[in-house]
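Heads up: the sequence shown begins at 8 in my numbering, then just goes up one per residue. Glycine is no exception: its CB is placed at the ideal position from the N, C-alpha and C atoms. A short worksheet on the structure shown next.
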Amino acid sequence: MNIMNFDSSQKFLNYLQLQTLLPASMKVLEVKNGYFKNKDGKQIPWGQLYVVDIDLYKKFEGIGQPESCPQILIKLRQYKEEDLSQLLGAKVNLPNCNLIFHFDKFKQPTGFALSTELKDIEVDSNA
Numbered sequence: 008m009n010i011m012n013f014d015s016s017q018k019f020l021n022y023l024q025l026q027t028l029l030p031a032s033m034k035v036l037e038v039k040n041g042y043f044k045n046k047d048g049k050q051i052p053w054g055q056l057y058v059v060d061i062d063l064y065k066k067f068e069g070i071g072q073p074e075s076c077p078q079i080l081i082k083l084r085q086y087k088e089e090d091l092s093q094l095l096g097a098k099v100n101l102p103n104c105n106l107i108f109h110f111d112k113f114k115q116p117t118g119f120a121l122s123t124e125l126k127d128i129e130v131d132s133n134a
């Protein structure tokens, strides 16, 4: 990747999105959900998936270190308190996802995540 200057964080994300190759299939290791209060004090549901590249995960399992496999955070847009438990252990594909910044509680960027809607997650029934 070339070192470049970007005049906005969105342009930087757009560039990274084009440079990022997602694994062909991923395995869901963990699901999380809950609520946060928006600025009006309203409780808003949130949902997240933690996935791994299946091929890479198998390599880490082969050396007895599956917990060391890098995980990818998937933030669910338009989450409406759906049950995420059926996705645990599932093989999934994410054809329509966006790269986003991940922020801490102080609104400071701490890394990257992927963002998609639950309806856009393809579950491989052959897994």
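Original post:
Among N105, V58, G69, which one has its Cα closest to the Cα of Y22?
Top reply: N105
**OP:** Would you please state the rounded distance, in angstroms, between the beta carbons of I61 and P30? I believe it to be under 8 Å.
**Re:** 7 Å
Original post:
For L20 versus I107, is the C-beta distance shorter than 8 Å?
Top reply: yes
Subject >> Of the residues L36, K44, G41, the one placed nearest S75, counting alpha carbons only >> reply: L36
**OP:** For the alpha helix (DSSP H) containing S92, list its first residue and its last residue.
**Re:** Where S92 is concerned, there is no enclosing alpha helix (DSSP H), given that its DSSP letter is neither H nor E.
Original post:
What's the gap between the Cα of D47 and the Cα of M33?
Top reply: 36 Å
**OP:** Give the DSSP bridge partners of F119, in chain order.
**Re:** F108
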